[in-house]
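K.L.:
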DNA sequence: CGGCTACTTGAAGGATTTCAACGTAGGTGG
DNA sequence: CCACCTACGTTGAAATCCTTCAAGTAGCCG
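Residue numbers (my numbering), protein chains in the order written: chain E, 458 to 700; chain C, 458 to 700.
(1) Beta carbon of residue 627 of chain E: closer than 8 angstroms to some heavy atom of the ligand NAD?
(2) Please compile the residues from chain E whose C-beta is within a distance smaller than 8 angstroms of the C-beta of residue 593 of chain C.
(3) With distances taken Cα to Cα, identify the nearest neighbour of residue 535 of chain C among C:522, C:558, C:523.
(4) Closer than 6 angstroms by C-beta to residue 567 of chain E: which residues in its own chain qualify, once you throw out the five before and the five after it? Chain order, please.
(5) So which of E:597, E:682, E:552 has the shortest CA-CA distance to residue 616 of chain E?
(6) At what residues does the beta strand (DSSP E) containing residue 504 of chain C begin and finish?
(7) Using Cβ-Cβ distances below 8 angstroms, what residues of the segment 593–624 of chain C are close to chain E?
(8) Please identify the residue among C:642, C:577, C:516, C:502 whose C-alpha is closest to the C-alpha of residue 556 of chain C.
(9) With 7 angstroms as the C-beta to C-beta threshold (strictly closer), list the residues of the segment 525–540 of chain C near chain E in chain order.
(10) Do the segment 578–597 of chain C and the segment 509–526 of chain E make contact, defined as three or more Cβ pairs closer than 8 angstroms?
(11) For residue 649 of chain E, which residues of its own chain have a beta-carbon under 8 angstroms away from its beta-carbon, when the five flanking residues on both sides are left out?
(12) In whole angstroms, give me the CA-to-CA distance for residue 399 of chain C and residue 524 of chain E.
(13) Using beta carbons (cut-off 9 angstroms, strictly below), is residue 487 of chain E in contact with chain C?
(14) I'd like to know whether the C-beta of residue 694 of chain C is nearer than 9 angstroms to at least one C-beta of chain E.
(15) If we count the other Cβ atoms within 10 Å of its Cβ and call it buried at 16 or more, is residue 571 of chain E buried or exposed?
(16) Looking at the structure shown, is residue 439 of chain C part of a helix, part of a strand, or coil, going by DSSP?
(17) Thinking C-alpha only, which one of E:625, E:537, E:528 is nearest residue 496 of chain E?
(18) Write down every uninterrupted run of the beta strand (DSSP E) in the segment 544–629 of chain E whose length is 3 residues or greater and which is fully enclosed by it, in chain order.
(19) What residue range is occupied by the uninterrupted beta strand (DSSP E) comprising residue 660 of chain C?
(20) Which class does residue 490 of chain E belong to by DSSP, given the choice of helix, strand or coil?
(21) Given a cut-off of 9 angstroms, decide if residue 671 of chain E and residue 637 of chain E are closer than it, judged by their beta-carbon atoms.
(22) The segment 471–486 of chain C: which residues have C-beta closer than 9 angstroms to a C-beta of chain E, in chain order?
(23) Quick check on DSSP: helix, strand or coil for residue 478 of chain C?
(24) Is residue 665 of chain E buried or exposed, if buried means 16 or more other CB atoms sit within 10 Å of its CB?
(25) DSSP state of residue 528 of chain C, grouped into three classes?
(26) Thinking residue 560 of chain C and residue 694 of chain E are a contact (beta carbons under 8 angstroms), I'd like their distance in whole angstroms, please.
(27) How many angstroms separate the CA atom of residue 667 of chain C from the CA atom of residue 594 of chain E?
(28) Name, please, each residue of chain C whose Cβ falls closer than 8 angstroms to the Cβ of residue 698 of chain E.
(29) Leaving out five residues before and five after residue 659 of chain E in sequence, what residues of the same chain have Cβ atoms less than 7 angstroms from its Cβ?
(30) Check each candidate in E:621, E:656, E:620, E:663 and name the one with the smallest Cα separation from residue 631 of chain E.
(31) Residue 483 of chain E by DSSP, collapsed to three states: which one?
(32) Taking its Cβ as the centre, do 16 or more other Cβ atoms sit within 10 Å of residue 544 of chain E, making it buried, or is it exposed?
(33) Check the C-beta distance from residue 529 of chain C over to residue 627 of chain C and give it rounded, since I have them as a contact under 8 angstroms.
(34) Using a Cβ-Cβ distance under 9 angstroms, would residue 560 of chain E count as near chain C?
(35) With residue 549 of chain C and residue 643 of chain C assumed to form a contact (beta carbons below 8 angstroms), what rounded beta-carbon distance in angstroms separates them?
(36) Comparing alpha-carbon positions, which option in E:656, E:517, E:698 lies nearest residue 675 of chain C?
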């Protein structure tokens, strides 16, 4: 996480040490643990150090919609923690290592460490952009496009944290979970995956996804990683923060 | 906007005067004006004083997905302005009055007015919650549920800024725009609206929506306004900010 | 009045869901 | 060590929701 933030904004010694402190105490948690429950107060802000988690909302009748997968380096509900009760649930998908800090620390951050607060705000902006892209996917893309888009998004995000080998990555997610991510049925996800395999776009070996034709798939999904913004802040903002 | 923020966090004289300054210079802009264009740098942060606007993303082949409607008091792309280029476009739907401030002012805010920065962060958290709810709508709700949900969401949001008369409000949006919001075709939106009318849930008179059976519609849509959070910050955070 | 835009309605087609059955692998207990 | 169980993946067939195409109406503005 520290690495990710450093690219964005100029940091001072002082900020870095605060960050280190935030991430100091990690603990291990098994797969299937609830990190947050929709409608209940938040415990703490969670930073994922290793492993996978997901955030989701459920409807009264049990339908479920996954809003995001969290991978190492992600903060789970960075800003959502400012709400009185959680608007979403979060569960670990694999065994994970997490670091936690109390939500009040966010407030202290605003008061005492404006550069860090701005860096977190930048992160929140990116989270919002990712959500907006999901809205577009679900609203206006076909099943084939949605699945292609998801596989490419995960590839890019995992590349950013060096968790890929070539265009291969471990995706520890069942087809039913993919269905709940893409707003489809598990059956249709299965068929669409088969089609992507038949088209030679991907290869699947257990939980390992190998994207064989990145550029063709990028075209097919109209995938544009602009929204993942690995970029910096605008210069004007950087320089003002530095002072 | 000032009223909305005041509920959230304790403000001091100093903060309020900054806010007033931000909103000082308003200007009028006609319907159909582009406030931001996807892929181009942002101009300024825009606060909507009166009228309606929308934010949307377009795909390469022209498909469009509206991500949100902006109503008076809303800030358009509060945090999106921290990105180098806009991830979404924004256009006015009616004649509007807007106040603008340069994006660098956001950075100054973090440095010099932590309470305001925290209040804005809270607003961003709420925006994120709204987006997440849209993901659920598009992924897991039927056309009938989506439309019901949208009509109720607009009712609640407009109530918050006193722009309703009873359960009636002006919704200056064509059926085609509703379609682009809900991920449906305009034809199907028309049929679904007819059905809601036939069921006695709503009455439509030109741009005026009258929700006749709020509670029935709320049930039918599984609408829960939790995510609109008219609530305050958690007490722990409030008190820390006050000091 | 003509032309535009928005709304409406019918009919056919398609994408996706649902239901159902079967195969496989991993884990558990007898 | 094998039988059983469960979770996940796969495939076929029928049903459904929604889209597309097409045509027609109504209101508004120059």
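C-beta atoms are modelled at their ideal positions from N, C-alpha and C, and glycine is treated no differently.
Only a predicted model underlies this, so the values are computations on that prediction, with no experimental measurement involved.
P.N.:
Short version:
(1) Within the structure as shown, the ligand NAD is missing, as the structure has no ligands at all.
(2) In chain order, 514, 516, 522, 524 make up the part of chain E whose C-beta sits under 8 angstroms from the C-beta of residue 593 of chain C.
(3) Closest by alpha carbon: C:558.
(4) 574
(5) Taking only the C-alpha atoms, the option nearest residue 616 of chain E is E:682.
(6) 501–507
(7) 593, 595, 596, 597, 598
(8) C:502
(9) Those residues of the segment 525–540 of chain C that come within reach of chain E (Cβ to Cβ, closer than 7 angstroms) are 536, 537, 539, 540.
(10) yes
(11) Counting only Cβ-Cβ distances below 8 angstroms, and skipping sequence neighbours, we find 600, 601, 604, 641.
(12) Any answer about residue 399 of chain C is impossible in this case: the structure gives chain C only from 458 up to 700.
(13) no
(14) Answer yes: the Cβ-Cβ gap between residue 694 of chain C and chain E drops below 9 angstroms somewhere.
(15) The residue in question, residue 571 of chain E, is buried, as its Cβ has 16 or more Cβ neighbours within 10 Å.
(16) The structure shown does not extend to residue 439 of chain C, since chain C is modelled only from 458 to 700, so the question has no answer here.
(17) Nearest C-alpha to residue 496 of chain E among E:625, E:537, E:528: E:537.
(18) Here the runs fully enclosed are 546–549, 553–559, 625–627.
(19) DSSP places residue 660 of chain C inside the beta strand (DSSP E), whose first and last residues are 659–662.
(20) Three-state result, residue 490 of chain E: coil.
(21) no
(22) none
(23) In the structure shown, residue 478 of chain C sits in a helix (DSSP, three-state: H, G or I).
(24) exposed
(25) coil
(26) 7 angstroms
(27) 31 angstroms
(28) Per Cβ cutoff of 8 angstroms: 564, 567, 568.
(29) 608, 653, 666, 667, 668, 669
(30) Ranked by how close their Cα comes to the Cα of residue 631 of chain E, the residues E:621, E:656, E:620, E:663 have E:663 in first place.
(31) Looking at residue 483 of chain E - three-state DSSP - the assignment turns out to be strand.
(32) Looking at its Cβ environment, which holds 16 or more other Cβ atoms inside 10 Å, residue 544 of chain E is buried.
(33) With a Cβ gap of about 12 angstroms, residue 529 of chain C and residue 627 of chain C do not count as contacting.
(34) yes
(35) Incorrect: roughly 21 angstroms between the Cβ atoms, too far for contact.
(36) E:517
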